[in-house]
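Q: I'd like to ask some things about the structure below.
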Amino acid sequence: MFLSVFEMFKVGIGPSSSHTMGPMVAAARFLDQMRASPFRFTGLRASLHGSLAFTGVGHATDRATILGLAGFTPESYDADRAKAVLEEIAQTHMIHPEGLGALRFDPTTDLVFDYDTALPGHANAMMLMATDAQGDVTLREVYYSIGGGFVMTEAELAAGKDTDEGAPVPFPFKSAAEMLEMARVSGKNIAQMKRANEESRGGAENLRAGSKRLWQVMNDCIDRGLETDGILPGGLNVKRRAKGIHAALLAERGMNRQAPHTINDWMSVYAMAVNEENAAGGQVVTAPTNGAAGVMPATLRYYLDHVAGASDNHIEDFLLTAAAIGGLVKFNASISGAEAGCQAEVGSAAAMSAAGLCAVMGGTPEQVENAAEIALEHHLGMTCDPVRGLVQVPCIERNALGAIKAVSAASLALRGDGTHLVPLDACIETMRQTGVDMSEKYKETSLGGLAVNVPNC
21 MFLSVFEMFK VGIGPSSSHT MGPMVAAARF LDQMRASPFR FTGLRASLHG SLAFTGVGHA
81 TDRATILGLA GFTPESYDAD RAKAVLEEIA QTHMIHPEGL GALRFDPTTD LVFDYDTALP
141 GHANAMMLMA TDAQGDVTLR EVYYSIGGGF VMTEAELAAG KDTDEGAPVP FPFKSAAEML
201 EMARVSGKNI AQMKRANEES RGGAENLRAG SKRLWQVMND CIDRGLETDG ILPGGLNVKR
261 RAKGIHAALL AERGMNRQAP HTINDWMSVY AMAVNEENAA GGQVVTAPTN GAAGVMPATL
321 RYYLDHVAGA SDNHIEDFLL TAAAIGGLVK FNASISGAEA GCQAEVGSAA AMSAAGLCAV
381 MGGTPEQVEN AAEIALEHHL GMTCDPVRGL VQVPCIERNA LGAIKAVSAA SLALRGDGTH
441 LVPLDACIET MRQTGVDMSE KYKETSLGGL AVNVPNC
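What follows is the structure, given as structure tokens:
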């Protein structure tokens, strides 16, 4: 199995990788399919199903779908242009994707939130359709947004999870047990094995430049969040807090009365800054999802700013190690809140972050695996129940606590020798089984939990 660090970590837009980025990516794929078709199309339609319907408005799925059909992509998203295009489509009921001419599309009738029809492949489902002059559907495709911005067609999903068709990589581990055995035999650590895999596909320079950009986007997102205040969009009137907390922390620096546990506030404020930016529709990096995008940047920023001996030279090793763990979780379980609850998002992010931190602090492969297991184990059973379907409550604070857990897990693992009772593979399988058993009310539908017990207006 090979999942590139640049597939696990994608530069995109908030608030959701599954509900915003995924539908936009699916729409772009559908446009390519239309361009390759011999038919002449005159209109477009779309229907959203499952979690994409239930929490679609709060996650801006409708906007993302329309903009995707207009030719927008997460990587090159321009907020000002997007606003103008949405207004034009609403007024003219026409959409103009490149190479396809003008197509009829009325957002009020051609985009349907289908709450009653569940499609069988995944909870995040959408159907895109192209019509002829008579309004008949002549091209149709079902897409599933499976978490972290990954999108699969109905046929691709049916073919199985492992769709990697590239050249073999030097260390093709599919489980943590295989990963540790390959590390033992080769004498390499996890980052070194992952680097060899990446370079065999994309080359050393691509890895170096790409990793640098990922951290730049993550770090810039933290800084923007620390400098911005106001009220988050969506109607809950959630106040941004990162700027105020950061200002207070800076003012307290050097004071004798500063408590040791204040370091937790630093980790928290970094994560909250990212997730407030995400909630506002800003640029983030999926890590492994938008809803969990703050955990890893916060852990890495904590390392760089607060750990003695930290070095920027270790950033790439952090990302590579985290991506290796994230790939195992995605391949053997899920990183989708709609599929397995928030244990699959913040839980996965904490495991990845704990592994990355443990690695750059000198941990052995066994200690790294232990750190990931500790972090994931103590997120098992966590539900995804966003109030009003917005990626705000409890998501913002949940990332803060996920970062704290990640650092604690790495620290505990470094205190041991790597031997422990519960293997990471067993923990990942437990998370998968828990997700299967979890009620749909608690899997990103906003039909249970905090979403129904907290007044949201």
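Quick note: the sequence shown uses this note's numbering, first residue 21, plus one each step.
We put the CB at the ideal spot given by N, CA and C, even for glycine.
Inspect the CB distances between the region 215 to 230 and the region 463 to 476 and report whether three or more fall short of 8 Å.
A: no
Q: Cutting at 8 Å between CB atoms, please list the residues of its own chain near ASN284, excluding the five before and the five after it.
A: ILE424
Q: Are GLU296 and ALA262 touching if we call contact CB-CB under 8 Å?
A: yes
Q: Rounded to a whole number of angstroms, what is the C-alpha to C-alpha distance between ALA446 and HIS399?
A: 14 Å
Q: Check for me: the alpha helix (DSSP H) holding GLN53 runs from which residue to which?
A: 42 to 55
Q: For ALA532, is the classification buried or exposed, using 16 other Cβ atoms within 10 angstroms of its Cβ as the cut-off for buried?
A: Because the chain spans 21 through 477 in this model, residue 532 falls outside it and cannot be assessed.
Q: On the premise that ASN298 lies in contact with GLY34, defined as a C-beta separation below 8 Å, what is that separation, rounded to the nearest angstrom?
A: The beta-carbon distance between GLY34 and ASN298, rounded to whole angstroms, is 4 Å. This is short enough to meet the 8 Å contact definition.
Q: For the alpha helix (DSSP H) containing LEU64, list its first residue and its last residue.
A: Element bounds for LEU64: not the alpha helix (DSSP H) but the beta strand (DSSP E), 63 to 70.
Q: On the three-state DSSP scale, how would you describe ASN257?
A: Looking at ASN257 - three-state DSSP - the assignment turns out to be coil, as it is neither helix nor strand.
Q: Based on Cα-Cα distance, which residue from GLY63, MET28, GLY32 and SER24 lies nearest to GLN303?
A: GLY32
Q: Do you know offhand how far LYS232's Cα is from ASP156's?
A: The straight-line gap from Cα to Cα measures roughly 48 Å.
Q: Give me the DSSP bridge partner(s) of LEU159.
A: ALA150
Q: Identify the continuous beta strand (DSSP E) that holds GLY32 and give its terminal residues.
A: 31 to 33
Q: Would you call the CB atoms of ARG55 and LEU120 closer than 8 Å?
A: yes
Q: Measuring only the C-alpha atoms, how far is ASP126 from PHE59?
A: 21 Å
Q: In or out: PRO406 buried (at least 16 other Cβ within 10 Å) or exposed?
A: buried
Q: Decide yes or no for the touch test of the region 352 to 369 against the region 301 to 321: beta carbon pairs closer than 8 Å, at least 3 of them.
A: yes
Q: Please return the same chain residues whose Cβ sits closer than 7 Å to the Cβ of THR450, not counting the five positions on each side in sequence.
A: LEU400
Q: How far does the beta strand (DSSP E) with THR112 in it reach, from first residue to last?
A: Careful: THR112 lies outside any beta strand (DSSP E), inside the alpha helix (DSSP H) at 99 to 112.
Q: Which full runs of the alpha helix (DSSP H) of 4+ residues lie inside the region 196 to 267, going along the chain?
A: 196 to 206, 210 to 222 and 224 to 247
Q: Can you grab the Cα-Cα spacing for the pair VAL413 / GLU247, in whole Å?
A: One Cα belongs to VAL413, the other to GLU247, and the distance between them is close to 21 Å.
Q: Quick one: Cα of TYR163 to Cα of ILE416, how far?
A: 28 Å
Q: In the DSSP assignment, what are the bridge partners of LEU123?
A: ILE115
Q: Answer yes or no: do SER37 and GLY250 have a C-beta to C-beta separation smaller than 8 Å?
A: no
Q: Just curious, the beta strand (DSSP E) that VAL171 is in, first and last residue?
A: 170 to 173
Q: Determine contact between the region 185 to 196 and the region 94 to 114, defined as no fewer than three beta-carbon pairs at a distance below 8 Å.
A: no
Q: Among ILE115, ARG83 and GLY141, which one has its Cα closest to the Cα of LYS103?
A: From the listed residues ILE115, ARG83 and GLY141, the smallest Cα separation to LYS103 is found for ARG83.
Q: CB-CB under 6 Å to VAL105, same chain, minus the five flanking residues each way: which ones, in chain order?
A: Contacts found: ALA90.
Q: Report the option in LEU177, ALA330 and ALA143 whose CA atom is closest to the CA atom of GLY382.
A: ALA330
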